[in-house]
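**Q** One structure, pasted below without further comment.
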Amino acid sequence: MLDSTDSYVTDDGRTIGGVVMEMKNITLRFGGVVAIKDISFDIREGEIRAIIGPNGAGKSSMLNVISGFYVPQEGQVMFHGKPRPQMKPYEVAQQGIARTFQNIALFEGMTVLDNVMTGRLNKMSSGLFAQAIWRGKAEQEEIENREKAEKIIDFLEIQHIRKTPVARLPYGLKKRVELARALVSEPSILLLDEPMAGMNVEEKEDMSRFILDVNDEFGATIALIEHDMGVVMDLSDRVVVMDYGKKIGDGTPNDIRNNQAVIDAYLGVAHD
Amino acid sequence: MTQTSEGVNGLTSVPALLQRNAAEFGDKAAYREKELGIWQNWTWSEAADEIDALALGLLTLGAAEGDFIAIIGRNRPYLYWAMVAVQSVGAVPVPLYSDASAEEMAYVLDHCGARFVIAADQEQVDKVRDVQQDLSQFEQMIYLDPRGLRKYDHANLHQFSKVQDAGRAALSDLMPELNRRREALNYDSTCVMLYTSGTTGKPKGVVLSNRNIIETSRHSSEFDSLSAGEDILAYLPMAWVGDFIFSLGQAYWTGFCVNCPESVDTMMTDLREIGPTYYFAPPRVFETQLTTVMIRMEDASPMKKRMFDYFMAHAKKVGPAILDGETVSGMDKLKYKLGDLLVYGPLKNTLGFSRVRIGYTAGEAIGPEIFDFYRSLGINLKQLYGQTEASVFITQQPDGQVRSDTVGVPSPGVELKIAENGEVFYRSEGTFVEYYKNAESTADTKDPEGWVATGDAGFIEEGTGHLRIIDRAKDVANMSDGALFAPKYVENKLKFYPNILEAVVFGAERDRCTAFINIDLTAVGNWAERNNIAYASYQELAGHPRVLETIQEHVEAVNKSVAEDPMLSGCQVHRFLVLHKQLDADDGELTRTLKVRRKIIGEKFEDLVNALYDGSPEIYTETEVTYEDGRKGMISATLEIRDAAVVPVTASKIAAE
């Protein structure tokens, strides 16, 4: 077993560091419904960590716990070894956590570039007045932020839609724009909620490539929820499997593939 | 020979032209590329510095004189510099089509024995790595974009900028050697080797000397009085001879600026932003642009649409005449000016053609309507005829003598003759040196006196001296009743309809002609949307009864027009089908420059060809397709075969005359 501060090098040459975030016996209830029941797992620096499970398994709730949007009734979220207090969304973002949503949450009427630029809002310190007259610091910040945004646009190959309103884009591209907006805030942890949902095979392949590249180029730790088993197994370093709010498996894709509980949950099992 | 054949003022190589440009136009923009949303700019002297650094870097890696160095990627300033840097160290650049598969690349890399490869990005690096164990002479690779490549084994892999850094560090040690090699270059040293895509057989390496490139660039620049003030957009494949002449030969000869798009998908936006003054595009690009304009006009308000129709009708009437400098009435002139203000000007601006002084199209025949559309707007679009073996230019149209049905008069310095069988031959200073390692083909194509067979059949029009091309010489055949069969002639007529993207006509040694049709998804898709026709795929739309009806109307209209030509009236299309897939270069059905490979299509779809002739009303077929990532799959379809009405001709009477 690895210690929480150990690091190791993967087969493809990436360095995975110590634990950055740890879920300790998390239980989350909505009234009488138990969405998450006593789940513990950790996320290591630089890894791609997947959370999978059938519909209604509690995956999205788990991601919302990680992002700090839901506060579990029991258990603790440890961030860099310290218990994390209850936080407002902007405080979460300031800690370097960014996310995308299962149902795309972009500003539909704004262009791709403007949407991506909103991801930099947190990093702006010039005042409202300075921004309104666009002088001094505001101007300088805008230039810096635009450069950051353009680098991400280049990285995700969406130059051709830079000035296109998001509402006019097909689904696959909107997903990519959302990823761009998350990336531009230079997150240390990136949470992806079903990044591949509703995509065709080609779009899935593109997205997988981008996720790997993001991890490789920016060194971002990635936690993702995904439905598509094939994609998860190819992408991730470690996988958590949930079913009916409980953790039924945790390990490398190979471990998961041979885990009987996981196979039963996915393929169904005859009850006698 | 004239003195210029030895080079003007000792300018006998591209690196020598670079040094002249750096001295003469030092502060003038030589290259621009849009990156991170901004047009980045390099002057001639900056470009010369970058090229020197890379050339020195190549020396540190051990590049030797006479080496072949492959360059793979889309149009980027860095890769153009790579070409000149390679020339500077006395090696030969071999640009490759960036969309070629790994196997296609393996053939070329092995044939030329490339020691080095300069690749644009991970995609190209991966392709070369896939095949490198079979390449005995391959040693090292240089890549441009480091993305995704950091974890690769760097034993024989180098980043472009690092190679340049190493070159700069070794400046004092290696500069004398670089200078020596540059000075050793002369008019007869090889400038570039380009592989022809070839509609048949394996690609051939066409060796072009500095004389070929520089003389051709000089003549053609003078023909159109190109100056250092021109701007061009470099977006056509770097492995294609046209791009080499326009973006390198002519750019270095005249010192004009080469602009590179941000990505393949942003080409139209970049075109609009740059507004080139000198522009080249194959007919297909002009067709697509026109289709886009027409589709958008359909959506315009009635008022705008009426204005557009009214002024376009006027432009059609007087536009070409005004462009050719003929006299038109004052009223017409005034109306055209008003039209320019309201319609033509804004339209040209949208298309990115506001500043175009000279535009060329070549490679395929262009539809007369398309050609006239652009000319009536006041865009000086002309045709030229050329091939790799001629360093492009064989004939071209002088200003004032532009027509859609000829390809112009012999370019300056080109001699032309027509053989007895109708094949066009030419001889010029641009005529290629040889096919690399293929003396047999060289001898077949070029005779000892330097005459080169084009492989095209044509004739010189009496009176005007313009060349007219009929078809590929080897495609021209006879039908079983002895009538002349020229498939290209019919295919072009079909392709002039916006709904038809591609057509392949069969009929050699047969009693009648039949055709495969590919619909144009943009045009037909838009029509389907307007008529509430739902479709899920190309295949479904291609098989829709109403689409087939429309295509049948087009085929029958073409038959009428073909019947008017007594020589070719036998080429009317009796039966046709609309193919269930688009013909694709990845499946080997088109060349990389998108020319139809007739023989391969005939063999691959043999079942369909047979069905066209055995009278069956429909045919079930399965076809292997190659996806973009190289994987293969099967698609199946049942295709309806339709009979088209033909105009009866009294063939025997014509034959008897």
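Just so you know, the protein sequences line up as chains A and B, in that order.
Quick note: the first sequence uses the working numbering, first residue 3, plus one each step.
Quick note: the second sequence uses the working numbering, first residue 32, plus one each step.
A virtual CB, placed ideally from N, CA and C, is assigned to each residue, including glycine.
Quick caveat, the model's predicted, so the values are computed rather than measured.
Let's test the definition: count the other Cβ atoms within 10 Å of the Cβ of G601(B) and tell me whether it reaches 16, buried, or not, exposed.
**A** Here residue 601(B) refers to the residue found at position 570 of the second sequence. That one is buried.
**Q** Does DSSP put H605(B) in a helix, a strand or coil?
**A** Stepping through the second sequence from its first residue, residue 605(B) is reached at position 574. Strand.
**Q** Checking the sheet assignment: what are the DSSP bridge partners for N549(B)?
**A** In the second sequence, counting from the first residue as 1, residue 549(B) sits at position 518. Its beta-bridge partners are E533(B).
**Q** Between which residues of its own chain and V186(A) is the CB-CB distance below 7 Å, once the five residues before and five after are set aside?
**A** Counting from 1 along the first sequence, the entry for residue 186(A) is found at position 184. The residues are V118, G121, R122, K150, A151, I154.
**Q** T297(B) CB to nearest chain A CB: under 8 Å?
**A** Taking the second sequence and counting its residues from 1, one reaches residue 297(B) at position 266. So yes, T297(B) belongs to the interface.
**Q** For N52(B), I'd like the list of residues in its chain whose CB is within less than 6 Å of its CB, leaving aside the five on either flank, ordered along the chain.
**A** For the purposes of this step, residue 52(B) is taken as residue 21 along the second sequence, with counting starting at 1. Cβ neighbours of N52(B) beyond the five flanking positions: W75, G286.
**Q** Closest to K125(A) by CA distance: which of A134(A), E143(A), A132(A) is it?
**A** As a position in the first sequence, residue 125(A) is number 123, starting the count at 1. In this structure, E143(A) is the residue among A134(A), E143(A), A132(A) with its C-alpha nearest to the C-alpha of K125(A).
**Q** Given a limit of 8 Å on CB to CB distance, which residues of the region 169-199 of chain B reach chain A?
**A** R178, G179, R181, K182
**Q** Please return the same chain residues whose Cβ sits closer than 8 Å to the Cβ of D542(B), not counting the five positions on each side in sequence.
**A** As a position in the second sequence, residue 542(B) is number 511, starting the count at 1. If we look at D542(B) and ignore the five residues flanking it on each side, its Cβ neighbours are M510, S511, D512.
**Q** So, is the C-beta of S228(B) closer than 8 Å to a C-beta in chain A?
**A** The residue you call residue 228(B) lines up with position 197 of the second sequence. Chain A contact via Cβ: absent.
**Q** Can you tell me which of the three DSSP states K206(A) falls into?
**A** Within the first sequence, residue 206(A) is the residue found at index 204, counting from 1. Of the three classes helix, strand and coil, the one that applies to K206(A) here is helix, per DSSP.
**Q** To be precise: take each residue of the region 367-386 of chain B, compare its Cβ to all Cβ atoms of chain A, and keep it if any distance is under 8 Å. Which residues remain?
**A** none
**Q** For the pair the region 517-534 of chain B and the region 461-468 of chain B, tell me if three or more CB-CB distances fall below 8 Å.
**A** no
**Q** Under a CB-based cut-off of 8 Å, is Q97(A) close to chain B?
**A** The residue you call residue 97(A) lines up with position 95 of the first sequence. Cβ-Cβ to chain B under 8 Å: no for Q97(A).
**Q** Please list, in chain order, the residues of the region 41-70 of chain B that have any C-beta partner in chain A closer than 9 Å.
**A** K65, E66, L67, G68, I69
**Q** Whose C-alpha, out of L599(B), M598(B), F607(B), is nearest the C-alpha of E584(B)?
**A** What you label residue 584(B) is simply residue 553 of the second sequence in a count that begins at 1. Looking at the Cα atoms, F607(B) is the closest of the given residues.
**Q** Going by DSSP in three states, T91(B) sits in which element: helix, strand or coil?
**A** What you label residue 91(B) is simply residue 60 of the second sequence in a count that begins at 1. Helix.
**Q** Please name the residues in the region 137-155 of chain A whose beta-carbon is closer than 8 Å to at least one beta-carbon of chain B, in chain order.
**A** R148, E149, E152, K153, I155
**Q** List the residues of chain A whose Cβ lies closer than 9 Å to the Cβ of S647(B), in chain order.
**A** The sequence position of residue 647(B) within the second sequence is 616, counting from 1. The premise fails here: S647(B) is roughly 35 Å from chain A at the closest Cβ pair, so nothing lies under 9 Å.
**Q** So, for G19(A): in the same chain, excluding its five sequence neighbours on each side, which residues have a beta-carbon less than 7 Å away from its beta-carbon?
**A** Translated into positions along the first sequence, residue 19(A) becomes position 17. S9, R46, E47, G48, listed in sequence order.
**Q** Can you check whether the C-beta of Y10(A) is within less than 8 Å of a C-beta belonging to chain B?
**A** The residue labelled residue 10(A) in the question sits at position 8 within the first sequence. False, the Cβ-Cβ gap to chain B never drops below 8 Å.
**Q** Under 8 Å Cβ-Cβ, which residues of chain B neighbour G15(A)?
**A** Taking the first sequence and counting its residues from 1, one reaches residue 15(A) at position 13. What G15(A) touches in chain B: K182.
**Q** Any idea if W112(B) is buried or exposed, counting beta-carbon neighbours within 10 angstroms, 16 or more meaning buried?
**A** On the second sequence, residue 112(B) is found 81 positions in, with the first residue counted as 1. W112(B) counts as buried, since at least 16 other C-beta atoms from the protein chains shown sit within 10 angstroms of its C-beta.
**Q** From the beta carbon of E180(A), is the nearest beta carbon of chain B less than 8 Å away?
**A** Residue 180(A) sits at position 178 when you count from the first residue of the first sequence. Chain B contact via Cβ: absent.
**Q** Could you compute how far the alpha carbon of Q88(A) sits from the alpha carbon of V114(A)?
**A** Here residue 88(A) refers to the residue found at position 86 when the first sequence is read from its first residue. Here residue 114(A) refers to the residue found at position 112 when the first sequence is read from its first residue. If I take the Cα positions, the gap works out to 32 Å.
**Q** Report the rounded CA-to-CA distance for T485(B) versus T476(B), giving the unit in angstroms.
**A** Against the second sequence, residue 485(B) aligns to sequence position 454. Against the second sequence, residue 476(B) aligns to sequence position 445. One C-alpha to the other measures close to 8 Å.
**Q** Which value, in whole angstroms, describes the spacing of the CA atoms of E146(A) and A100(A)?
**A** As a position in the first sequence, residue 146(A) is number 144, starting the count at 1. As a position in the first sequence, residue 100(A) is number 98, starting the count at 1. Each residue's alpha carbon lies about 20 Å from the other.
**Q** On the CB-based measure, 16 or more other CB atoms within 10 Å of its CB, does L365(B) come out buried or exposed?
**A** Sequence index remark: in the second sequence, residue 365(B) carries index 334 (1-based). That one is exposed.
**Q** Would you mind telling me which residues of chain B sit closer than 7 Å to D215(A), beta carbon to beta carbon, in chain order?
**A** Sequence index remark: in the first sequence, residue 215(A) carries index 213 (1-based). The answer, in chain order, is R178, G179.
**Q** Among W271(B), L264(B), L209(B), A265(B), whose alpha-carbon lies nearest the alpha-carbon of L239(B)?
**A** Walking along the second sequence from the start, residue 239(B) turns up at place 208. Nearest option by C-alpha distance: W271(B).
**Q** From V593(B) to K519(B), what does the alpha carbon distance come to, in whole angstroms?
**A** Residue 593(B) sits at position 562 when you count from the first residue of the second sequence. Residue 519(B) sits at position 488 when you count from the first residue of the second sequence. About 12 Å.
**Q** Roughly how many angstroms lie between the CA atoms of L49(B) and I103(B), to the nearest whole one?
**A** Within the second sequence, the letter at position 18 stands for residue 49(B). Within the second sequence, the letter at position 72 stands for residue 103(B). For L49(B) and I103(B), the distance between alpha carbons rounds to 22 Å.
**Q** Using a 10 Å radius around the Cβ and a threshold of 16 neighbouring Cβ atoms, would you call I672(B) buried or exposed?
**A** The count along the second sequence starts at 1 and reaches residue 672(B) at position 641. It is buried - the Cβ of I672(B) has at least 16 other Cβ atoms within 10 Å.
**Q** With DSSP collapsed to three states, give me the class of P429(B).
**A** In the second sequence, residue 429(B) corresponds to position 398, counting from 1. Here P429(B) sits in coil by DSSP.
**Q** Closest by CA to A282(B), which one among P292(B), L264(B), M299(B), D296(B)?
**A** If you number the second sequence from 1, residue 282(B) lands on position 251. Of the candidates P292(B), L264(B), M299(B), D296(B), the one whose C-alpha sits nearest the C-alpha of A282(B) is L264(B).
**Q** Among the candidates A331(B), G409(B), L415(B), Y183(B), whose CA atom is the shortest distance from the CA of V387(B)?
**A** In the second sequence, counting from the first residue as 1, residue 387(B) sits at position 356. If we check each option's Cα against that of V387(B), G409(B) comes out closest.
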